[in-house]
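**Q** Read in my numbering, the sequence shown has 89 at position 92, and its numbers run on one by one without any break.
Sharing a structure with you now.
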Amino acid sequence: MLAEVGYMLETKLGTFAEVAFLKSVANRTFELISLTQADVTRVAELVARYDNLPLGTTDASVIALAERLGVDEIATLDHRHFRVVRPNRAQVLTLLPERGP
-2 MLAEVGYMLE TKLGTFAEVA FLKSVANRTF ELISLTQADV TRVAELVARY
48 DNLPLGTTDA SVIALAERLG VDEIATLDHR HFRVVRPNRA QVLTLLPERG
98 P
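The following block contains the structure:
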């Protein structure tokens, strides 16, 4: 997802924002977390379950990691898929930045 975040920052905010983010990751301000085999299995389950969206591997990976790490807050600019999906351990994910109804 590092590449996806970099791409979104570059297209929406420019190269300066992308470079600042990458430097933050390199300086360990943000932690890179790898998917485990169990996470990939969960990603496949989520993609299959929400095939009508379609959910996609990137969003399903975020959800699988949130489930494993016990995270309820997700930073995303695309709320549509995350509003529909119900993680295993939480009723609802809190999406940031928050938007009105």
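From the three backbone atoms N, C-alpha and C, an ideal C-beta is built for every residue, glycine too.
DSSP puts Leu93 in a beta bridge; with which residues?
**A** Paired residue(s): Ala72.
**Q** DSSP on Phe27, reduced to helix/strand/coil?
**A** Coil at Phe27, not helix or strand.
**Q** Between which residues of its own chain and Arg65 is the CB-CB distance below 7 Å, once the five residues before and five after are set aside?
**A** Asp36.
**Q** Would you decide whether Ile99 is buried or exposed? Buried here means 16 or more other CB atoms lie within 10 Å of its CB.
**A** In the structure as shown, the chain starts at -2 and stops at 98, and residue 99 therefore has no counterpart that could be examined.
**Q** Need the endpoints of the alpha helix (DSSP H) that Gly3 sits in, please.
**A** Segment -1 to 10, the alpha helix (DSSP H) holding Gly3.
**Q** Between the region 49 to 57 and the region 12 to 26, do three or more beta carbon pairs fall short of 8 Å?
**A** These segments do not touch.
**Q** Count the other CB atoms within 10 Å of the CB of Ala45; is the residue buried (16 or more) or exposed (fewer)?
**A** When all chains shown are included, Ala45 counts as exposed.
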